[in-house]
Amino acid sequence: MSAKLKIKLTRSPIGYAQNQKDTARSLGFKKMHQTVIHDDTPVIRGMIHTIRHMLEVETVTVEETV
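This is the structure we're talking about:
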């Protein structure tokens, strides 16, 4: 099983530093209350940590069939 992260943007990046706006965009967010799913990797975790005050994060397990 591989772990995935379900990430929801709960606060607007307006009024925050440019690097935080860029991080939200690079995670795939285009509008408020949008949900994206990413693999649980250290890179994604680092981006989440940068804007953790704007997000809700949930772990989702996905069973792989071969």
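Residue numbers for the sequence shown follow my numbering, so the first one is -4 and each next one is one higher. Where a beta carbon is used, it is the ideal one built from N, C-alpha and C, also for glycine. A quick note: this is a predicted structure, and the numbers were derived from the prediction, not measured.
#1: Ordered along the chain, which non-local residues of its own chain (more than five positions away) have a Cβ less than 6 Å from that of VAL55?
#2: How is the beta strand (DSSP E) around ALA(-2) delimited, first residue to last?
#3: Within 10 Å of its beta-carbon, does THR5 have 16 or more other beta-carbons around it, so buried, or fewer, so exposed?
#4: Output needed for THR18: all residues of its chain with C-beta closer than 8 Å, excluding positions within five of it in sequence on either side, in chain order.
In short, the structure shows the following:
#1: LYS(-1), LYS1.
#2: Counted as a single uninterrupted DSSP element, the beta strand (DSSP E) harbouring ALA(-2) occupies residues -3 to 4.
#3: Residue environment: THR5 is assigned as exposed (fewer than 16 neighbouring CB atoms within 10 Å of its CB, all protein chains considered).
#4: So the qualifying residues of the chain are MET42, THR45, ILE46.
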